[in-house]
Amino acid sequence: MKNVIVTGASGFIGKTLVAEIRKRFPEANVVAVSSQVVDIADEHALFAWLDEQSRLYECDHIIHLAALYKAGDWPVHHPATQFNINLKLNVNILEGWIRYFPKAKFTSILSYCMYPSLPHAHPESELWGHEPEDYLFAYAYAKKALLIGQRAYRQEFGGRCTSVVLPTVYGHGDSFAENSHVVGALIGKFVRAAREGAESVEVWGDGLQEREFLFVDDAADGIIAAALGSEYDALNLGMGEAYSIGQIASWIKEAAGFQGEIRYNNNKFVGVKTRKLDVSRMRELLGWSAPTALQDGLKQTVDWYAASLDEAKQVAEA
Numbered sequence: 001m002k003n004v005i006v007t008g009a010s011g012f013i014g015k016t017l018v019a020e021i022r023k024r025f026p027e028a029n030v031v032a033v034s035s036q037v038v039d040i041a042d043e044h045a046l047f048a049w050l051d052e053q054s055r056l057y058e059c060d061h062i063i064h065l066a067a068l069y070k071a072g073d074w075p076v077h078h079p080a081t082q083f084n085i086n087l088k089l090n091v092n093i094l095e096g097w098i099r100y101f102p103k104a105k106f107t108s109i110l111s112y113c114m115y116p117s118l119p120h121a122h123p124e125s126e127l128w129g130h131e132p133e134d135y136l137f138a139y140a141y142a143k144k145a146l147l148i149g150q151r152a153y154r155q156e157f158g159g160r161c162t163s164v165v166l167p168t169v170y171g172h173g174d175s176f177a178e179n180s181h182v183v184g185a186l187i188g189k190f191v192r193a194a195r196e197g198a199e200s201v202e203v204w205g206d207g208l209q210e211r212e213f214l215f216v217d218d219a220a221d222g223i224i225a226a227a228l229g230s231e232y233d234a235l236n237l238g239m240g241e242a243y244s245i246g247q248i249a250s251w252i253k254e255a256a257g258f259q260g261e262i263r264y265n266n267n268k269f270v271g272v273k274t275r276k277l278d279v280s281r282m283r284e285l286l287g288w289s290a291p292t293a294l295q296d297g298l299k300q301t302v303d304w305y306a307a308s309l310d311e312a313k314q315v316a317e318a
């Protein structure tokens, strides 16, 4: 990697990916694109910015993470907003890629909500011919449109491209607010509850729902591996294993040192029962597998969040 454009670079995964590229390729020019740099949803602004960049260097990789997504039940209430913005982001960056950096390898990040609500591990073939998870249909179809767009641009213009499908990613730098995704929200709840001496922590659902999670450092490593080595339309990138929310809550509780009880709330939104990826193609093609065990990654994340709270407190008291 020599000149790399990363969209969504101010986001949770984007920050870690940019740092990892700079670590592994210290001579590389990594251009971290956030909404503060250019609004990708604004076609004219994006094309003007890309035209300017094309006069400065020859980009060899574009990694597209920029997306509008929020956890919890937000997608249920804002499907049109999500669909509209994400389509603009995706169509604009695809056209900008071919207009200004057609020799660059284009790698996009997809979500496993594109897969149907079935309990088995999803192979990449199930990206087509199935309905996605219903409550995330707008986001899922916008991501499918991105995948179609990549195939179309490759067929017409000969661009090189690939995509990786991620499960829920967690780790340092995540959001730990209560309306975040399940791991971030639970870590925030348990760490704060332990410090406040709370008697209990509420967990949405009955604890039996199963999900697959990927540590953010592993996600960054896998994205780089796919950008460098994959020519497939899409590759599943994950651990290939799902864990119950109850087990995850128990591990987080232990790591946070929380002594109270876990209360399950069956009246809250929880989504489908089980979701996980078939990662055999990634392992066979690139010999890649996620190195961080879930319990270890959760412990690292709990420690990181607790330390960040300590640091914030010291700054406030200074």
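Numbering follows the UniProt record's numbering, in which position 52 of the sequence shown is assigned residue number 52; successive positions increment by one, without gaps. Heads up, the beta-carbon is just placed ideally off N, CA and C, and yes, glycines get one too.
Return the bridge partner residues of residue i from the DSSP annotation.
i           : result
residue 215 : 170
residue 335 : Examination of residue 335 is not possible in this model, given that the chain is present from 1 through 318 alone.
residue 110 : 165
residue 105 : 61 and 160
residue 263 : 202
residue 31  : 5
residue 285 : The partner list for residue 285 (beta bridge, DSSP) is empty, contrary to what the question assumes.
With distances taken Cα to Cα, identify the nearest neighbour of residue i among the options.
i           : options               : result
residue 310 : 218, 191 and 199      : 191
residue 185 : 3, 301, 315 and 25    : 301
residue 85  : 98, 68, 73 and 97     : 68
residue 122 : 148, 276 and 98       : 276
residue 341 : 316, 273 and 296      : Any question about residue 341 goes unanswered here, given that the chain covers just 1 to 318.
residue 240 : 268, 278 and 221      : 278
residue 158 : 40, 223, 101 and 5    : 101
residue 91  : 151, 128, 78 and 209  : 151
residue 202 : 306, 264, 160 and 163 : 264
residue 88  : 12, 248, 212 and 42   : 42
residue 282 : 298, 307, 233 and 257 : 233
residue 32  : 51, 303, 11 and 165   : 11
residue 40  : 73, 9, 17 and 304     : 9
residue 62  : 29, 181 and 169       : 29
residue 187 : 221, 133, 251 and 137 : 251
residue 22  : 139, 253, 160 and 220 : 220
residue 131 : 148, 146, 113 and 147 : 113
Let me know if residue i comes out buried or exposed under the rule of 16 or more other beta-carbons within 10 Å of its beta-carbon.
i           : result
residue 15  : buried
residue 125 : exposed
residue 81  : exposed
residue 2   : exposed
residue 48  : exposed
residue 97  : buried
residue 111 : buried
residue 163 : buried
In this structure, how does DSSP classify residue i when only helix, strand and coil are distinguished?
i           : result
residue 18  : helix
residue 92  : helix
residue 6   : strand
residue 312 : helix
residue 122 : strand
residue 71  : coil
residue 86  : helix
residue 235 : strand
residue 360 : This structure does not reach residue 360, given that the chain is present from 1 up to 318, and the question cannot be answered.
residue 128 : coil
Using only the heavy atoms of the ligand PLP, determine whether one of them is closer than 8 Å to the beta carbon of residue i.
i           : result
residue 198 : As presented, the structure is devoid of all ligands, the ligand PLP included, so that no description of it is given.
Taking three-plus beta-carbon pairs below 8 Å as touching, is the stretch 230-247 in contact with the stretch 199-210?
-> yes
Between the stretch 210-217 and the stretch 165-180, do at least 3 Cβ pairs fall closer than 8 Å?
-> Between the stretch 210-217 and the stretch 165-180, the count of C-beta pairs closer than 8 Å reaches three or more; the two stretches touch.
Contact between the stretch 221-235 and the stretch 281-297 (3+ Cβ pairs under 8 Å) = yes
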